[in-house]
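A.B. asks:
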Amino acid sequence: MKVKSNTSPHLAGLIMSTSTAIICLIMLLPIAALIIESTAGGFSSIDSELDTTFNDLADTVLRQYIQNSLTIVSETLFFACLFAIAPAWWCAHYEFSGRKYLQWMMIFPLAIPAYISAYIYTDTLDYAGPIQSSLRAMFHWQSPQDYWFFDIRSHWGASLMLGLALYPYIFLLLRNAFEQRSQSLIEAAQILGASERKIFWTIHIPLARPALAIGCTLVAMESLADYGTVQLFAINTLTTAIYDSWLVYGSLASAAKISCLTLLFVITLVIFEKNSRKKQRHFDSRGGKPCVKVKASRSKVSFIWLICGAIFSLGFIIPVAMLISYCLDYWAANSNSIILIHSQSTFLLALSAAFITVLLAILFNSQQRFQPTPHNQLKLSLSSLGYAIPGTVLAIGILIPLGQLDIWSNHFIQWLGFDKVGLIFSGTGFALILAFVIRFAAISNGSIQAAYKQMPNNLDDASTLLKASKLKTFTHIHLPIMRPAIISAFLLVFIECVKELPASLLLRPFDFETLATYVYQYASDEQLEYAASAALLIILVSLIPILLLSRSQKMQ
Amino acid sequence: MRSLLLTVLLVCSSLTSTHAFAEQVNIYSFRQPFLIEPILAEFSKSTGIKTKVIFAKKGLIQRLKREGELSPADIVLTSDFSKLLQLKEEGLSQSFELSHVLNTNIPSQYRDTDNNWLALTKRVRNVYSSKERMGDLSHIRYEDLANKEFSGRICTRSGKHPYNLGLVASMIAHHGEAETEKWLRNVKTNLARKPQGNDRAQVKAIKEGLCDISLGNSYYLGKMLQDPNQVAWANAVNLNFPNQKDRGSHINVSGAVIAKYAPNKQAAQQLLEFLSANQAQNLYAELNMEYPVSPSAKPSTLVQSWGTFKSDSLPLVEIAKNRQLALKLIDKVHFDL
């Protein structure tokens, strides 16, 4: 669609704007459905006027739950930043042996679902686990009073696990941002006599702030919506309150109120973050020459490898090694060929969902780029909301409109004189893919938004001056610059889809199992050992795109 | 790009739903597939009817509700009685035909008066105790768990887990709200650690000396004895049946309902009858160490070796009435925090 005349850009803009508005509405449908349902007192077994669940919770445990949620989110952010910022900088700034491998290895922990590594670590490190047991045997300690040991089932333990599982978001976004750092600014600073440390804190970090902020927002949202991990650590959070309200107390109204509380928290976070960098503008920061990596000294290289190696071991090697040992211990249960079929369906499902999600993110973000109106910004922000909603809640939110759609379409088809077709929307892969797209849009939106934020506006101006159409500006300028960001977005969403559990569990059709749902039937009975091979396959399938990409070196 | 698009389309079309298919029964299951698959395989072998299962622990009832009359579900299998009652209350079940087979296999206290649900297996809420440190606890009552002598010696899973919730509801049914609240508070102060893990994890904690007694269903003991890595935990504990001198031990049931809009009702009825008959009941007993509801089926030899016991005769429906209240009390005393 080459745009040439004066009127058609308007038309094209209108079509774009309408279609993104419609997509945005579809993405908001589950949330809207939940809110409407809860205010209408939709739960039949409970009279909405007599439903005091929310007040009961507020009187008893809610305060503690909120406090726990805030603690988990802030501590997870702390750990994620701790594990991500320095390695991202090292990989972007220094040239050293093995850097090319290291920058990919640091993403590997993302492939391990947090609930799996949490299971492994709690199993290994808690009082009855092998480490403490052997320590007791060695030193003849009798009871917990005889010695001190890090209590893994604490908020610190849970945050550490979440931090290890989520830091790659920040790492990946930040590394992309650091890679695009400005050579001319560095040179200017050096001429003015600034130290390396000062350049880092006053130039690189502020320039990478959009990426850092988006990474942190993603980590915060994910840790807020987490259920599996915190449950394993016996920590009750707002997510626990949502599940309890709805699925144990049976009060949708109360669940919706608490969900709104969670959303409010997320929105405040996003607004706070946006306001804090309102005055920042990015102009062309690219120097004439490409950015050069500094050769790292030998001691620095060892230091980098030591720190990154430790993070990599904690986040990846130890859990994988434990899974392999479980797998060997329980070989009979683990050598089940059915999991190969599950891997295939998981892979295809994740591939489709990631493709659609990234496509939509590009659409929303490029529209906001070309027409930076509050309206478009709103669409972009709203389409990211799904990430903050716990998976099961989102899944049921999706079932409400899709179930209705199914009923209508069946009526319509019967009216046409055909036979019922059943649940063509809510009972098929459609629901599952929709759930993934809504849930993970925030990740791809964030990744691409960060790339756009760093892309100077004067590039667009130059293109406009040369009378290039918007489409041409997009395909010839934006796309090539954004390529690393698009690849990261695709990777992140793909991996999340492979790992996704609650929505897959509830929305999958008959005879359809993903690796995660297969693992869950054992993990839910605390017998992960019996599904260790499937857990390893989750990791393997998640790693496929990372390995392929690193091989073709497209992100170099 | 084009190939990716094609893949997307392929995946979408390959995930189409199964609906009203001859000789098949669709099951929504709260129980893990590996627990029921061997039994379902026998069913398919003897009847030629295929079974399809979707398993989840949360949200299946909501899914069923949303699907309405288009739902493909024929049978819902649950692992506790409150879900059976909820399914009936919310109008998501329909009555099965009380055939001769069901009538003889399922005693009347284990099925709904309107034939909307039936129980398939019984599970006892036992008290596990350390062989080494506790001695004979065969006289123990649930009420005793609140005694000072057990201070810092009890382990349990979350109070809101259906098994514990059922127990607390039964305490309310027997002692009233105020008394139960007091009991819960004292049990809470007696805990060695905050509620966490599942029933096996508590036995493991007893083995390691973290606590001396725990609450747990009996079949876990059988399961642990079968697992080479867990047999040591199982050997460290005694299994006690509480309240044998008075009302008897609290029991929960796993059960089934036929979904309201079951497209294959006939096959669903057949499956219920199969599950209630001796072959399946014995499989439940042998594979999962549960107590069969059918009077003519016997528990496994191992389970029989744990001895006979008296179970609480209060109807499940009476206990279930107190479920909401039990939840509130558990939150009120901050049991899980």
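Chains as they are written, first to last, in the numbering used here: chain R, 676 to 1231; chain B, 6 to 342. For glycine and all other residues, C-beta sits at the position ideal for the given N, C-alpha and C. Quick caveat: nothing in here was measured; it's all calculated off a predicted structure.
1) Is there at least one Cβ from chain R nearer than 9 Å to Gly227(B)'s Cβ?
2) Would you mind listing the alpha helix (DSSP H) stretches within the stretch 1141-1223 of chain R that are 4+ residues and don't spill past its ends, in chain order?
3) Is there at least one non-hydrogen atom of the ligand PLP closer than 8 Å to the beta-carbon of Tyr225(B)?
4) I believe Leu330(B) touches Ile177(B) by the beta-carbon criterion, under 8 Å. Please report the beta-carbon distance rounded to the nearest angstrom.
5) Between Asn1009(R) and chain B, is the shortest Cβ-Cβ distance under 9 Å, so that the two count as touching?
6) Using a Cβ-Cβ cut-off of less than 8 Å, list which residues of the stretch 202-216 of chain B approach chain R; keep chain order.
7) Select from the stretch 781-809 of chain R all residues with a C-beta closer than 7 Å to any C-beta belonging to chain B, and list them in chain order.
8) I'd like the list of long-range same chain contacts for Tyr1005(R), defined as Cβ closer than 8 Å, with 5 residues on each side in sequence excluded.
9) Using 10 angstroms around the beta-carbon of Ile946(R), count the other beta-carbons present and answer buried if the total reaches 16, otherwise exposed.
10) To the nearest angstrom, how far is the alpha carbon of Gln67(B) from that of Asp1135(R)?
11) Taking Cβ positions, are Ala285(B) and Glu47(B) nearer each other than 9 Å?
12) Using a C-beta cutoff of 9 Å, does Arg128(B) count as contacting chain R?
13) Just the C-alpha distance for Ser135(B) and Asn950(R), rounded to the nearest angstrom, thanks.
14) With 16 as the cutoff for other CB atoms within 10 Å, does Lys1145(R) come out buried or exposed?
15) Within the continuous alpha helix (DSSP H) that includes Gln29(B), where are the two ends?
16) In terms of alpha-carbon separation, which member of Ser929(R), Thr735(R), Ile1108(R) and Ala1210(R) lies closest to Leu1015(R)?
17) How would you write the range of the beta strand (DSSP E) that Val132(B) sits in, first residue to last?
18) Applying the 10 Å Cβ sphere with the 16-neighbour rule, what's the burial state of Gln820(R)?
19) Using a Cβ cut-off of 7 Å, pull out every chain R residue sitting near Phe48(B), in sequence order please.
20) Under 8 Å by Cβ, that's how I've got Phe1149(R) and Ser1058(R) pegged, so tell me the actual separation to the nearest angstrom.
21) Please list the terminal residues of the continuous alpha helix (DSSP H) segment that includes Phe60(B).
22) With DSSP collapsed to three states, give me the class of Lys88(B).
23) Return the CA-CA distance between Gly53(B) and Val30(B), expressed in angstroms with no decimal places.
24) Verify the CB distance criterion: does Phe853(R) have a CB-CB separation below 9 Å to chain B?
25) Could you give the distance in angstroms between the alpha-carbon of Glu154(B) and the alpha-carbon of Ala1025(R)?
26) Is the number of C-beta pairs between the stretch 1065-1077 of chain R and the stretch 695-707 of chain R that are closer than 8 Å three or more?
27) Chain R partners of Asn234(B), CB-CB under 9 Å?
28) Secondary structure at Asn257(B), three-state DSSP: helix, strand or coil?
29) Determine which residues share a DSSP beta bridge with Val969(R) and list them.
30) Would you say Gly53(B) lies against chain R (beta-carbon separation less than 9 Å)?
31) Can you tell me whether Phe1087(R) is buried or exposed, with buried defined as 16 or more other CB within 10 angstroms of its CB?
32) Could you tell me whether the Cβ atoms of Lys93(B) and Val262(B) are closer together than 9 Å?
33) Taking a contact to mean a Cβ-Cβ separation below 9 Å, would you say Val976(R) touches Phe771(R) in this structure?
34) Quick one: does Glu1201(R) have its CB under 9 Å from some CB of chain B?
35) With a threshold of 9 Å between beta carbons, is Arg71(B) in contact with chain C?
36) Starting from the C-beta of Trp238(B), find all residues in its chain whose C-beta is less than 8 Å away, skip the five residues before and the five after it, and write them out in chain order.
C.D. replies: In short:
1) no
2) 1145-1148, 1154-1174, 1177-1182 and 1190-1198
3) Among the ligands in the structure shown, none appear at all, so the ligand PLP cannot be discussed.
4) 6 Å
5) no
6) Gly202, Asn203, Arg205, Ala206, Lys209, Ala210, Lys212, Glu213, Gly214 and Leu215
7) Tyr802, Ala803 and Ser808
8) Glu1204, Tyr1205 and Ala1207
9) Around the beta-carbon of Ile946(R), fewer than 16 other beta-carbon atoms lie within 10 Å, marking it exposed.
10) 49 Å
11) yes
12) no
13) Straight-line spacing of the CA atoms in Ser135(B) and Asn950(R) works out to 59 Å.
14) buried
15) Not the alpha helix (DSSP H): Gln29(B) falls in the beta strand (DSSP E), residues Gln29 to Ser34.
16) Put simply, of Ser929(R), Thr735(R), Ile1108(R) and Ala1210(R) the residue whose alpha carbon is nearest the alpha carbon of Leu1015(R) is Ala1210(R).
17) Leu123 to Ser135
18) exposed
19) Those do not exist, as Phe48(B) stays about 16 Å from chain R at its closest Cβ, beyond 7 Å.
20) Contact between Phe1149(R) and Ser1058(R) fails: their C-beta atoms lie close to 19 Å from each other, not under 8 Å.
21) It is not in any alpha helix (DSSP H) - Phe60(B) instead sits in the beta strand (DSSP E) that spans Lys55 to Phe60.
22) helix
23) 11 Å
24) No - not a single Cβ of chain B is within 9 Å of the one on Phe853(R).
25) 55 Å
26) yes
27) Asp1004, Tyr1005 and Glu1204
28) Correct three-state label for Asn257(B): strand.
29) Tyr769(R)
30) no
31) exposed
32) yes
33) yes
34) yes
35) Chain labels in this structure do not include chain C; the protein chains are R and B.
36) Arg205, Val208, Lys209, Ile211, Lys212 and Met229
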